[in-house]
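Participant: One structure is given below, represented as structure tokens, and several questions about it will come after.
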Amino acid sequence: MLSTKTLPEFPIERIPAETFDYSLVLKSGFNLPFVVTGSTEAFGIKIPPKDKANLPSIAELVGRDKPVRIIEVGRQRELLGYKLGEYADMLHKRMMRNQSVLTHTQTPSSTDSNTEDSRVLNMISLEFSGTGLASRVSSPHFVNLIDWV
91 MLSTKTLPEF PIERIPAETF DYSLVLKSGF NLPFVVTGST EAFGIKIPPK DKANLPSIAE
151 LVGRDKPVRI IEVGRQRELL GYKLGEYADM LHKRMMRNQS VLTHTQTPSS TDSNTEDSRV
211 LNMISLEFSG TGLASRVSSP HFVNLIDWV
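Residue numbers (the working numbering): 91 to 239.
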């Protein structure tokens with residue numbers, strides 16, 4: 091397979107949100123991947139509107155001083171002492187700089203690849219229960235039926 095550089099097709103079932111329910115979960119057992127199509131409302135998901143689902147807004151709702159676990163991907167190590175507000179500000183700064191570079195209004199310096207900003211950082215999860223974000227987010231209905239926590 092690797093010598094031909096082609097991968098076999100793997101069919102992924104597409105399920106309309108309106109027809110997705112708990113009985114389907116019990117029947118399939120999540121043995122194969124699937125994609126649920128349709129609106130978030132039909133699927134039972136509640137999320138903030140796109141204009142309110144950005145990192146600065148989320149940091150304000152959850153709390154800018156909330157400690158978060160950040161992984162430096164290249165070194166596979168945890169960076170200690172990060173707060174959500176710091177992480178949000180850093181990512182926002184990178185996004186603004188990248189947009190500026192893409193529109194040719196700024197050129198990256200030759201030292202950019204050596205700066206702290208060039209590291210790939212990952213925040214795996216964010217606990218937001220008991221915060222302003224909690225009331226704006228809910229999981230699909232079927233998750234509440236099968237979730238043990």
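Don't be surprised by glycine CBs; every beta carbon is placed ideally from N, CA and C.
All figures in this text were calculated on a predicted structure; none of them were measured in a lab.
Leaving aside the five residues before and after I135 along the sequence, list all residues of the same chain whose C-beta is less than 6 Å from its C-beta, in chain order.
Facilitator: P230
Participant: Measuring only the C-alpha atoms, how far is F120 from S190?
Facilitator: So the two alpha carbons sit approximately 43 Å from each other.
Participant: Based on DSSP bridge pairs, tell me the residues matched to I160.
Facilitator: L169
Participant: Quick check: what's the CA-CA separation for G222 versus E150?
Facilitator: 8 Å
Participant: So what's T201 in DSSP terms, helix, strand or just coil?
Facilitator: Bear in mind that the predicted position of T201 carries a pLDDT of just 41, short of 50, making it too unreliable to give a figure here.
Participant: Check whether the stretch 150–164 touches the stretch 125–133, taking contact to mean three or more Cβ pairs, one atom from each stretch, closer than 8 Å.
Facilitator: In short, these stretches do not touch, since the Cβ pair count stays below three.
Participant: Hey, could you find the ends of the beta strand (DSSP E) T130 is sitting in?
Facilitator: First-last for T130: 130–133, but that is the alpha helix (DSSP H), not the beta strand (DSSP E).
Participant: Along the chain, where does the alpha helix (DSSP H) containing P146 start, and where does it finish?
Facilitator: 145–152
Participant: Excluding the 5 residues flanking T130 on each side, which residues of the same chain have their C-beta closer than 7 Å to its C-beta?
Facilitator: I137
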